[in-house]
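Everything in the sequence shown is counted per the numbering used here, starting at 664 for the first residue and increasing by one. Encoded as structure tokens, the structure appears first; notes follow it.
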Amino acid sequence: MEHIKLIAIKFVATFVLLYLVLGMVYGMAIEYILFINMVSIVSYFIGDLIILERTNNAVTTLVDFGIALAVIYLMADVLTVGGDPLIAALFSAILIGIFEAFYHRYVVNELHEQKLQAIPIRRMEYSMETSEELSDYYDEEFDDDEDDFR
Numbered sequence: 664m665e666h667i668k669l670i671a672i673k674f675v676a677t678f679v680l681l682y683l684v685l686g687m688v689y690g691m692a693i694e695y696i697l698f699i700n701m702v703s704i705v706s707y708f709i710g711d712l713i714i715l716e717r718t719n720n721a722v723t724t725l726v727d728f729g730i731a732l733a734v735i736y737l738m739a740d741v742l743t744v745g746g747d748p749l750i751a752a753l754f755s756a757i758l759i760g761i762f763e764a765f766y767h768r769y770v771v772n773e774l775h776e777q778k779l780q781a782i783p784i785r786r787m788e789y790s791m792e793t794s795e796e797l798s799d800y801y802d803e804e805f806d807d808d809e810d811d812f813r
């Protein structure tokens, strides 16, 4: 049930953002904006469930920005936006990227019970142990024969 709520939040928020840029500024029809917004459901599964689980918020936000930019540009170019579709896609993707940065924190908090958290980057500690038996063996073996090694 959490996933349905999260998908609905993302769907509504991205629709509002796309309507502000594509609908109000560039005059795109609502049907086309809804069609473009359907990709947000695919972006939820790719970015928010798979990538966010394995990386952190910044990486997932960049991936979602890239997905939004590519999809909006390709679909706006096909659906003929008045003006430059690259600029329209860039403005839309920037707004969606800003939303995604905050949305990922919410996703992690909501799905905390399912252990969906970013994997922390840990500093690896490489240390080595030596045993007393080994150091005693070398001390006894080579103390007497110092003259042999010159």
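Each residue gets a CB set at the ideal place from its N, CA and C atoms; glycine is no exception.
Reference residue i; option with closest CA among the options
i, options, result
"valine 688", "Ala752, Leu715, Val726 and Ile667", "Ala752"
"threonine 724", "Met701, Ala756 and Leu749", "Ala756"
"glycine 760", "Ser706, Met701, Met664 and His666", "Ser706"
"alanine 704", "Asp727, Asp747, Leu749 and Arg717", "Rather than alanine, the amino acid found at residue 704 in this sequence is isoleucine. Considering only alpha carbons, the answer is Asp727."
"leucine 737", "Ile699, Gly690 and Met691", "Ile699"
"methionine 691", "Asp740, Ile709, Ala764 and Asn772", "Asp740"
Close-in-space but distant-in-sequence residues of the same chain around residue i (CB under 8 Å, 5 per side omitted)
i, result
"valine 770", "Leu669, Asp711, Leu715 and Leu779"
"tyrosine 682", "Ile693 and Ile696"
"phenylalanine 762", "Ala676, Thr677 and Leu680"
"tyrosine 766", "Ile672, Lys673, Ala676 and Asp711"
"isoleucine 817", "There is simply no residue 817 to check, as the chain begins at 664 and stops at 813 in what is shown."
Reduced DSSP secondary structure (H/G/I, E/B, other) of residue i
i, result
"threonine 718", "coil"
"leucine 712", "helix"
"tyrosine 695", "helix"
"proline 748", "helix"
"leucine 737", "helix"
"tyrosine 769", "helix"
"glycine 690", "coil"
"leucine 725", "helix"
"leucine 779", "Low confidence applies here, because leucine 779 scores a pLDDT of 40, under 50, leaving its location unreliable; read the following figure in that light. In this structure, leucine 779 counts as coil in the three-state DSSP scheme."
"leucine 685", "helix"
"leucine 732", "helix"
Span of the alpha helix (DSSP H), counted from its first residue to its last, around residue i
i, result
"valine 675", "665-681"
"leucine 702", "Reading off the sequence, residue 702 comes out as valine, not leucine. Start and end: 702-706."
Neighbourhood of residue i by C-beta, 6 Å cutoff - its chain only, sequence neighbours within 5 removed
i, result
"leucine 732", "Ala752 and Ala756"
"valine 734", "Val702"
"isoleucine 730", "Ser706"
"alanine 781", "Here the model assigns alanine 781 a pLDDT of 46, short of 50, so the residue's position is not dependable, and the following value carries that caveat. Closer than 6 Å at Cβ, skipping near neighbours: Asn719."
"glycine 746", "Tyr689"
"leucine 742", "Tyr695"
Chain-order list of residues whose beta-carbon lies under 7 Å from that of residue i (same chain, five-residue window excluded)
i, result
"valine 622", "Examination of residue 622 is not possible in this model, given that the chain is present from 664 through 813 alone."
"leucine 774", "Glu665"
"arginine 768", "Asn720"
"isoleucine 667", "none"
"proline 748", "Tyr736, Ala739 and Asp740"
"glycine 686", "Ile693 and Ile696"
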